[in-house]
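What follows is one structure encoded as structure tokens, with my remarks underneath.
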Ligand SMILES: [Zn+2]
Ligand SMILES: [Zn+2]
């Protein structure tokens, strides 16, 4: 496929790894799942490169590509993976078509004139891509169902990244969003499920955070980390001295034994652990939720729940070694 031919050429350019490069591809079909996977790996191995892809049309064959759960890996999955790996994805609009016409085409001095059908196609394809890549905001019902006293089945995680700038933490543009664990089964430790914390850790290497600076990662998560994820987060902190971690959890995950130990180890590794207060919920509502301008109003049960969970977390963290 064209993308792989392009990567082959890239290999021959011998770009200086000490510099940052931006590759822009205008492509008539968006990457198939297989090429998307290879591009994701390419971005992982080439941190000095960022990638923009403008596609004229969405390639919709999934070609039976399988992911590690041997579930069919669809073209939508491929595009989302690319997005999560930091690639910028868009449908070619009139501007990009015009640019290509001027730059790459022997246009014989002719003006570029898309027909009305093409204009219509740009609109539908852009909408379709937006639907595939998902809303950048969480819908209000999902937020209320998951960040509450209710025992929701999935785990949602909202995150933001800040960098230390002289005397204060400053948000890193673009580095915020939300995700959830990847197979909809029971909360959050059913087998074969990639937990939200691990999906989050998967994204971090793609952000190119500089080792010479200090970063603060903040996660608002609907269930506190299970012991396995706690362990992985501890390892992550051990390997990344330039990162701090704050976790605000809506509920304590109590479904497996050892959850208390996991939380204590995280705490000992320097992570900040707190139950989401009304202020934190309000912040998430304002930042990550498509709130339609509605105010955030926790019910009295939820307010009480915050109190009991906070007490419980305090007991766990204080009970060192018991
Ligand atoms: Zn392909
Ligand atoms: Zn977990």
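Residue numbers (our numbering): 1 to 322.
Every residue, glycine too, gets a C-beta built ideally from N, C-alpha and C.
Please read all numbers here as calculations on a predicted model, not as lab measurements.
These are the residues, in chain order, with a beta carbon less than 5 Å from any non-hydrogen atom of ligand 2: 195, 226, 229. Contact annotation: residue 157 and residue 197 have beta-carbon atoms nearer than 8 Å. Annotation for residue 78: the continuous alpha helix (DSSP H) segment containing it runs 75-84.
Residue pairing by DSSP puts residue 159 in a beta bridge opposite 177, 219.
Placement of the Cβ of residue 173 at a distance of 7 Å or more from every heavy atom of ligand 1 is found.
The three-state reading of DSSP puts residue 50 in strand, counting E and B together. For residue 126, the closest alpha carbon among the candidates 103, 147, 73, 90 is that of 90. Taking a C-beta distance under 8 Å as the contact criterion, residue 222 and residue 155 qualify as a contact pair.
Counted as a single uninterrupted DSSP element, the stretch harbouring residue 22 is not any alpha helix (DSSP H) but the beta strand (DSSP E) occupying residues 21-29. When distances are taken from the beta-carbon of residue 48 to the heavy atoms of ligand 1, even the shortest one reaches 7 Å or more. If you check the CB distance, residue 100 and residue 26 come in under 8 Å. Put simply, the backbone Cα of residue 173 is about 32 Å away from that of residue 150. With fewer than 16 neighbouring CB atoms inside 10 Å of its own CB, residue 242 falls in the exposed class. Residue 13 sits exposed, since fewer than 16 C-beta atoms from the chains shown fall within 10 Å of its C-beta. At a cut-off of 7 Å, the beta-carbon of residue 3 counts as near ligand 1: some heavy atom of the ligand is closer than that. Within the segment 221-289, the complete alpha helix (DSSP H) segments of 4 residues or longer fall at 227-239, 259-268, 278-288, listed in chain order. Note that the C-beta distance between residue 256 and residue 227 is below 8 Å. In this structure, DSSP gives residue 106 a state outside helix and strand, which the three-state scheme calls coil.
The beta carbon of residue 234 lies closer than 7 Å to those of 265, 266, 269 in the same chain, with the five residues before and after it left out.
Looking at the DSSP output, residue 138 sits in a beta bridge with 289. Collapsing the DSSP output to three states places residue 15 in coil. Look at residue 34: its beta carbon is less than 7 Å from one of the heavy atoms in ligand 1. For the 8 Å CB-CB criterion, residue 161 and residue 176 form a contact.
Taking non-hydrogen atoms of ligand 1 into account, the C-beta of residue 31 is found less than 7 Å away from one of them.
Per DSSP, the continuous beta strand (DSSP E) segment holding residue 91 begins and ends at 88-91.
A distance below 7 Å between beta-carbons, with the five flanking residues on each side excluded, links residue 285 to the following residues of its chain, in chain order: 143, 291, 296.
In this structure, the CA atom of residue 42 is about 30 Å from the CA atom of residue 246. For the set 31, 28, 39, the Cα lying nearest the Cα of residue 8 is the one of 39. The beta-carbon distance between residue 244 and residue 216, rounded to whole angstroms, is 5 Å. This is short enough to meet the 8 Å contact definition.
Within the same chain, Cβ atoms closer than 8 Å to the Cβ of residue 231 are found at 262, 265, the five residues on either side in sequence being excluded.
In the DSSP annotation of this structure, residue 151 is not part of any alpha helix (DSSP H), being labelled neither H nor E. In the three-state reduction of the DSSP assignment, residue 194 falls in the coil class, being assigned neither a helical nor a strand state. Sequence-distant partners of residue 288 (beyond 5 residues in either direction) whose C-beta falls short of 7 Å from its own C-beta, in its chain, are 137, 138, 158, 178. Within the same chain, Cβ atoms closer than 7 Å to the Cβ of residue 19 are found at 48, the five residues on either side in sequence being excluded.
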